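Visitor: Structure incoming, see below.
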């Protein structure tokens with residue numbers, strides 16, 4: 008008889024070994040069976056991370072969603088290339104009664120047999136006894152799958168109730184046990200502040216890569232995966248639960264919901280997290296396409312005559328035939344000024360205020376009291392929402408009452424979380440760091456630092472105005488720029 012050896016490795020949680028054994032073991036056991044029976048192996052087909060219990064919907068009917076390897080097996084059998092399909096165990100060939108129906112149809116069509124290295128005899132699906140044995144095996148395998156899913160659901164539920172972290176891989180900023188990985192956690196805290204202050208995701212990703220602060224999988228950062236990490240509720244100590252939900256058309260979508268407060272220490276406050284989530288989700292936010300900014304003060308400095316912003320331009324050629332950068336009023340060219348001396352002057356003025364800025368408290372008592380009240384209100388509203396569901400479960404209220412109550416709770420939660428986000432955004436401050444090294448930090452000539460330097464300027468300065476230089480005056484002097492500083 009001509010045989011096809013089929014080996015399949017089921018998908019397993021990261022770090023665990025598949026119960027089906029590795030592919031090499033499966034092939035070796037199947038080869039021994041073929042040699043013992045004198046069967047000629049025409050092809051060996053292997054599949055990794057493929058499930059025999061998944062399905063897809065075709066024309067409203069569930070059908071097996073097997074992998075490419077299994078489809079190759081079916082193709083060879085239908086073309087008469089093989090007489091028997093050999094696997095380590097029958098559960099490598101089917102896990103559900105739905106799979107078995109397809110196999111029975113294939114056997115009736117082609118007369119193919121099934122054989123397993125860890126089972127006695129050959130399974131002939133063309134006979135009643137063979138189909139009975141196969142149905143029993145499929146029922147047992149299907150039951151094992153359902154029991155495993157039930158155990159996983161109960162395990163997830165217990166973890167949710169206890170607030171314990173459950174992460175299949177180590178998340179950025181944390182260890183697997185929920186403690187902080189200090190360097191990564193500090194980088195996340197600064198990233199939250201910087202993004203809310205106007206620093207681009209691209210600039211932060213560039214900085215992390217330069218510092219070799221890579222993802223837990225050892226990959227470099229891009230704006231997209233950095234955004235994903237910043238939007239993880241776990242950074243604020245918020246526990247979530249994700250599950251796959253089947254749509255009416257058979258599609259399965261992953262739905263994640265917040266389930267409470269975890270028992271690990273948050274990296275950022277809930278208000279900071281919600282402020283950033285709202286900021287990154289704002290459809291009107293200008294992402295800038297990831298390009299590098301070329302002028303430090305373009306769009307920041309204003310004309311003192313018409314209050315239009317200044318933009319970068321180029322001067323006419325001087326006596327030596329050279330041109331240099333200038334800032335020009337965008338309203339009507341009221342004022343122009345050499346760009347390099349203005350950039351240098353504004354940055355020096357910011358550095359002169361750095362000591363006072365760093366010593367000022369980041370929050371005041373009123374803000375802290377307001378935040379505590381909002382967090383307490385959020386907890387109380389969440390508890391009311393849970394209580395409504397429990398009252399419905401025991402029959403104390405009907406479904407319409409529960410839905411109305413939960414709707415009100417959801418509206419209250421949205422309002423509280425918006426206020427938390429507003430409060431956090433108001434309190435965002437750029438960390439100027441060590442004043443001694445601030446001139447290096449504010450290197451505005453480095454294209455990769457311009458976004459950060461602009462953010463610092465806009466945080467420290469409330470208004471930067473370009474003053475008229477007077478007729479015939481060339482060059483730049485300190486009185487050509489007027490700066491109004493913010494209170495730290």
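In the numbering used here, the protein residues as written are 8 to 495.
C-beta atoms are modelled at their ideal positions from N, C-alpha and C, and glycine is treated no differently.
On a predicted model such as this, the values are computed, not experimentally measured, just so you know.
1. Is it true that the region 468 to 477 meets the region 302 to 313, where meeting means three or more beta-carbon pairs spaced less than 8 Å apart?
2. By alpha-carbon positions, which one of 342, 196, 407 and 418 ends up nearest to residue 318?
3. Quick one: using the 10 Å Cβ neighbour count with 16 as the cut-off for buried, is residue 66 buried or exposed?
4. Report yes or no: do the region 33 to 49 and the region 84 to 94 share at least 3 C-beta pairs separated by less than 8 Å?
5. When you compare the CB positions of residue 457 and residue 356, do they come within less than 8 Å of one another, or not?
6. On the DSSP letters alone, give me the boundaries of the beta strand (DSSP E) that residue 318 sits inside.
7. What residue does the beta strand (DSSP E) around residue 52 start on, and which one ends it?
8. List the DSSP bridge partners of residue 345.
9. Taking residue 107 as the reference, which of 377, 232 and 142 has the closest Cα?
10. Between 247, 271 and 274, which lies nearest to residue 261 when the distance is taken from Cα to Cα?
11. Three-state secondary structure (DSSP) at residue 280?
12. Of all the alpha helix (DSSP H) runs that stay within the bounds of the region 196 to 282, which reach a length of 4 or more residues?
13. Taking the Cβ atom as the reference point for each residue, do residue 244 and residue 268 lie within a distance shorter than 8 Å?
14. Whose CA, out of 304, 13 and 41, lies closest to the CA of residue 55?
15. Figure out for me which residue from 428, 358 and 360 has the closest Cα to the Cα of residue 374.
16. Which residue or residues does DSSP assign as beta-bridge partners of residue 473?
17. Can the beta-carbon of residue 111 be found closer than 8 Å to that of residue 85?
18. Excluding five sequence neighbours on each side, which residues of the same chain lie with their C-beta closer than 6 Å to the C-beta of residue 476?
19. Whole angstroms is fine: what's the gap from residue 177's alpha carbon to residue 183's?
20. If distances are taken between C-alpha atoms only, which option among 350, 124 and 190 comes closest to residue 451?
21. Which residue marks the beginning of the beta strand (DSSP E) containing residue 11, and which one marks its end?
22. Is the Cβ-Cβ distance between residue 201 and residue 462 less than 8 Å?
23. Using a Cβ distance threshold of 8 Å, determine whether the region 270 to 277 contacts the region 410 to 421, with at least three qualifying pairs required.
Guide: Here's the rundown:
1. yes
2. 342
3. Residue placement at residue 66 cannot be trusted, given a pLDDT of 45 that sits under 50; what the coordinates show is reported in the next sentence. With fewer than 16 other Cβ atoms within 10 Å, it is exposed.
4. yes
5. no
6. 317 to 321
7. 47 to 55
8. 333
9. 142
10. 247
11. helix
12. 208 to 217 and 230 to 237
13. yes
14. 13
15. 428
16. 310 and 488
17. no
18. 487
19. 5 Å
20. 350
21. 9 to 16
22. yes
23. no
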